[in-house]
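Residue 457 in the numbering used here sits at position 106 of the sequence shown; the count goes up by one each step and never skips.
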Amino acid sequence: MKKVLLIDDEVSFAELVRLSLEDAGGYIVKTEYRGEHGLDAIRNFNPDIIVLDMMMPEMNGLEVLQMLKTNDKTKDIPVIILSAVKSNLVKRQTAGNYNETYLEKPITVENLKRVIEEILVGK
């Protein structure tokens, strides 16, 4: 079973993704709705991949990503970055700087699931 950590403050979207992945089989999904809670969850959950929303209150996705990629224990975990902001600057600051996958919202659960599977197969 592959472990997916989803960090997104949109509760309904996060739950839809969690249920879809778990129903597909082969995934254990943990959802967190705040960046700092997501960082805390990594220690105990040990995810194979992280799906991270950029726009969150308090600690945003860029701050979470920077902490993940500067920590030796988490720097190699693949991250899928989700953002509703259609900006090349955001894309460069996130995916470009850290060589991660960047997806624009809105995104279908099916497309997100496909990208997760592609990344985990290559891992």
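Every residue, glycine too, gets a C-beta built ideally from N, C-alpha and C.
Residue i - partner residues in DSSP beta bridges
i, result
"Tyr-378", "Lys-353"
"Glu-383", "Ile-358"
Minimum C-alpha distance to residue i - residue among the options
i, options, result
"Lys-424", "Met-410, Asp-399 and Thr-452", "Asp-399"
"Ile-432", "Leu-419, Asn-422, Lys-426 and Thr-452", "Thr-452"
"Ile-379", "Glu-414, Leu-454 and Phe-396", "Phe-396"
"Ile-428", "Arg-369, Leu-372, Ile-467 and Asn-411", "Ile-467"
"Ala-365", "Lys-437, Asp-374 and Val-402", "Val-402"
"Val-436", "Ala-375, Arg-465 and Leu-413", "Leu-413"
"Glu-461", "Met-410, Val-430 and Leu-370", "Leu-370"
"Ile-458", "Val-368, Asp-360 and Leu-416", "Val-368"
"Met-410", "Asp-360, Arg-465 and Val-355", "Asp-360"
DSSP state of residue i mapped onto helix, strand, coil
i, result
"Tyr-449", "helix"
"Val-436", "coil"
"Ile-458", "coil"
"Ile-428", "coil"
"Asp-359", "coil"
"Asp-404", "strand"
"Glu-469", "helix"
"Met-418", "helix"
"Glu-373", "helix"
"Glu-409", "coil"
Nonlocal neighbours in the same chain, by C-beta distance under 6 Å from residue i, ignoring five residues either side
i, result
"Glu-383", "Ile-358, Gly-389 and Ala-392"
Other residues of its chain near residue i: CB distance less than 7 Å, five sequence neighbours each side excluded
i, result
"Leu-471", "Lys-353, Asp-399 and Ile-400"
"Val-362", "Tyr-384"
"Met-418", "Leu-390"
"Met-407", "Asp-360, Arg-385 and Gly-386"
Chain C contact for residue i (CB, 7 Å cutoff)
i, result
"Leu-372", "Absence of chain C from the displayed structure is noted, only one protein chain being present."
Per-residue burial, residue i [other beta carbons within 10 Å of its own, 16 or more giving buried]
i, result
"Gly-386", "buried"
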